[in-house]
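Worksheet: one structure, shown below.
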Amino acid sequence: MINSNYLIFSFSLLLILAFTQHHAATSDQTNAPFVGVNIGTDVSNLLPAPDLVNFLKHQKITHIRLYDANPDILRALSGTDIHVTISVPNNQLLAIGSSNATASSWIRKNVAAFRPATRIIAVSVGDEVLTTLPSAAPLLLPALLSLHAALVESNLHKDVVVSTPHSASIILNPFPPSQAFFNQTLETFIVPLLRFLSQTNSPLMLNLYPYYVFMQNKNLVPLDNTLFKPLPASKQMVDPNTLLHYTNLLDAMIDAAYFSMKNLNVSDVLVLVTETGWPSKGDSKEPYATLSNAVTFNSNLIKHVLDRSGTPLHPETTSSVYIYELFNEDLRSPPLSEAYWGLFYGNATPAYLLRVSGVGAFLASDNANQTYCVAGDGVDLKVLQAALDWACGPGRANCSEIQPGESCFQPNNVKNHASYAFDSYYQSQGKSPGSCDFKGVAMITTTDPSRGSCIFPGSRNLSNKTKQVVNTTHSSNAGDNLRLRAFRCIEVSAIYDILHNYFVAIFPLLLLLVL
1 MINSNYLIFS FSLLLILAFT QHHAATSDQT NAPFVGVNIG TDVSNLLPAP
51 DLVNFLKHQK ITHIRLYDAN PDILRALSGT DIHVTISVPN NQLLAIGSSN
101 ATASSWIRKN VAAFRPATRI IAVSVGDEVL TTLPSAAPLL LPALLSLHAA
151 LVESNLHKDV VVSTPHSASI ILNPFPPSQA FFNQTLETFI VPLLRFLSQT
201 NSPLMLNLYP YYVFMQNKNL VPLDNTLFKP LPASKQMVDP NTLLHYTNLL
251 DAMIDAAYFS MKNLNVSDVL VLVTETGWPS KGDSKEPYAT LSNAVTFNSN
301 LIKHVLDRSG TPLHPETTSS VYIYELFNED LRSPPLSEAY WGLFYGNATP
351 AYLLRVSGVG AFLASDNANQ TYCVAGDGVD LKVLQAALDW ACGPGRANCS
401 EIQPGESCFQ PNNVKNHASY AFDSYYQSQG KSPGSCDFKG VAMITTTDPS
451 RGSCIFPGSR NLSNKTKQVV NTTHSSNAGD NLRLRAFRCI EVSAIYDILH
501 NYFVAIFPLL LLLVL
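Note that the UniProt record's numbering has the sequence shown beginning at 1, numbered continuously upward.
Structure (structure tokens):
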């Protein structure tokens, strides 16, 4: 007869193993670096909230950041698995920073009212306050403290972190990274802020734009380094103090933040990149704001984050990033590039296609690569006619199907014929960046424009298509000093399910042994 103590010990061990295995898997998944998107609303034709959420799910987008706490969007996100960072606008800092009651009301109205159905994970307080609104700097830490206290009051402080996004300009002398330091005139605010972030397991939020650094230092920073292009060792940036090699500018900017924190004896706060990206169009003074560079930067950025290679200083720790931004904000003020940071137009048609193969489904729904080039809505008909003439002439598009009596001749109008011609040219160019522009009268769409017997070139080529676009989140392990503590949670209900399943499976066996 088997000793009952031995059976109890064995059963207990199995339960412990079940718990630890699930805990490891959950922790690994939760700590994984992610690529999210910022959603600005200066868009003339922004999707209604329910359609927006459906679009996010369709594109497999799992993390978003809002510049406010839009209740319609938060309601529409209920029941989804999309993680949301909401924001306190700068114009609300005074009220929240000077009144605990106002902070408590804000949390009740914008966080507690929606959780847990809507997965709000962070509150972003203000935007680059220390550099763009210095008069409000004394209110920043009080606002963070009040909001965190309100989260504690609502028992949400373990699920929702509070931080504030900073401009990269708070860090001086950023290269070489080992010589970087925080602007000493701001240390009065930065030191207690970092202490708060450390104590509350919250990240240091930074808006890091290699594009602007490159534009300001074109003679010093190679474009290829800025765009994450592979570089031979001889062309990599080398920190003379650490001898660390930097293959891209973003890693150098992130490490500059870590060295700056180290100078203030802070070693346990993670950098979260709340904004980064590249504009796809600019004016004459912005020659590097091009479709090709935007495709290259954002595609390589996503691959870099999800490769989980970290930075030269901290290869064990990969910062998550939010791409600026999801939609082109056509209502933004000049310069021209301000309206062209988006991955999509406001009506959800792609501004361009990201090119990252083999790493998953993020921004790549099943038909995301089935794209077509068509005439835009409300464009000048004379410009459209000129573009049609060019496509069927010098552009060598196959326009035979829009001739009289052919399958795509009807409806007989310029827009219909131009759409077919544009798509023919676009497909013949391999859907390369810039091949669907035609002086601004064309746009990319994922909706098949074919109808009846009129089959567009993109539909004919569908069987030859291969997936192009981006990724999923993979797991990452944090270093000893840089713990990814901010977004940890254990799904207790799931653990109970695992334990229950083990018990159901094993208990009858133990009972047979005892009997």
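No residue lacks a Cβ here, since even glycine has one placed at the ideal position from N, Cα and C.
Please classify residue i as buried or exposed, where buried requires at least 16 other C-beta atoms within 10 Å of its C-beta.
i	result
serine 98	exposed
tyrosine 212	exposed
serine 493	Model confidence at serine 493 stands at a pLDDT of 39, short of 50, so the residue's coordinates are unreliable and nothing is read from them.
serine 400	exposed
leucine 307	In the sequence under discussion, the amino acid at residue 307 is aspartate, which differs from the leucine named in the question. Looking at its Cβ environment, which holds fewer than 16 other Cβ atoms inside 10 Å, aspartate 307 is exposed.
proline 138	exposed
valine 162	buried
threonine 296	buried
threonine 188	exposed
aspartate 72	exposed
aspartate 377	exposed
arginine 396	exposed
leucine 381	exposed
alanine 418	buried
glycine 440	exposed
proline 174	buried
asparagine 31	buried
proline 232	exposed
proline 230	exposed
Taking a contact to mean a Cβ-Cβ separation below 8 Å, would you say residue i touches residue j in this structure?
i	j	result
threonine 118	leucine 77	yes
proline 176	aspartate 224	no
methionine 261	leucine 194	yes
histidine 83	histidine 63	yes
alanine 69	isoleucine 96	no
isoleucine 402	alanine 387	no
phenylalanine 34	leucine 47	no
asparagine 298	leucine 354	yes
leucine 343	leucine 326	yes
leucine 249	proline 210	yes
residue 516	threonine 276	Residue 516 is absent from the model: the chain starts at 1 and stops at 515.
glutamate 406	serine 337	no
leucine 291	tyrosine 372	no
leucine 301	proline 203	no
isoleucine 190	leucine 147	no
serine 459	serine 453	no
alanine 143	serine 104	no
tyrosine 322	tryptophan 341	no
methionine 237	tyrosine 288	no
proline 89	tyrosine 67	yes
serine 282	proline 335	First, the residue type needs correcting, since residue 282 is glycine and not serine in the sequence shown. Yes. Within cutoff.
alanine 257	leucine 206	yes
Residue i: which of the options sits nearest, CA to CA?
i	options	result
leucine 130	Met261, Asp423, Leu186 and Arg308	Leu186
tyrosine 345	Arg75, Asn31 and Gly40	Gly40
phenylalanine 228	Val305, Pro404, Gln429 and His166	Val305
tyrosine 425	Gly393, Glu406 and Asn413	Gly393
leucine 93	Val191, Glu286 and Gly126	Gly126
valine 37	Arg75, Asn328 and Thr447	Asn328
isoleucine 120	Thr80, Tyr372 and Leu145	Thr80
alanine 113	Leu156, Leu141 and Ser146	Leu156
serine 435	Ala375, Lys382 and Arg460	Ala375
glutamine 179	Ile455, Thr317, Leu244 and Asp159	Leu244
serine 234	Thr226, Asn241, Thr242 and Thr247	Thr247
asparagine 263	Ile171, Asn91, Ser44 and Gly430	Ile171
threonine 447	Val379, Asn416 and Ala348	Ala348
serine 124	Leu140, Thr164 and Ser146	Thr164
glutamate 153	Ser267, Val111, Gln236 and Gly440	Val111
alanine 252	Ile455, Asp268, Ala101 and Thr226	Thr226
alanine 339	Cys408, Met237 and Trp278	Trp278
phenylalanine 196	Leu141, Leu74 and Thr317	Leu141
valine 160	Leu133, His166 and Arg115	Arg115
serine 198	Lys218, Leu145 and Asn217	Leu145
proline 134	Asn91, Lys109 and Phe409	Asn91
phenylalanine 182	Pro230, Asn265, Asp42 and Asn100	Asn265
residue 535	Pro457, Thr318, Pro350 and Gln370	Nothing about residue 535 can be reported from this structure: the residues present for the chain run from 1 to 515 only.
alanine 391	Pro404, Ser320, Ala168 and Gln427	Gln427
glycine 430	Gln370, Pro315 and Val414	Gln370
From the DSSP output, which residues share a beta bridge with residue i?
i	result
isoleucine 323	Val37 and Thr276
histidine 83	His63 and Arg119
cysteine 454	Arg451
threonine 445	Tyr372
phenylalanine 344	Phe327 and Pro350
leucine 205	A small fix is needed here, since residue 205 is methionine in this sequence, not leucine. Answer is Pro165 and Leu272.
serine 124	Ser87 and Ser163
Exercise. What are the complete beta strand (DSSP E) segments, minimum 3 residues, inside the stretch 153 to 194?
Worked result: 161 to 163 and 165 to 167
Exercise. Hey, which unbroken runs of the alpha helix (DSSP H) at 4 residues or more fall wholly within the stretch 236 to 307?
Worked result: 249 to 263 and 291 to 306
Problem set entry | Those runs of the alpha helix (DSSP H) which lie wholly inside the stretch 397 to 433 and span at least 4 residues | For the stretch 397 to 433, whole alpha helix (DSSP H) runs of length 4 or above, ordered along the chain, are 414 to 428.
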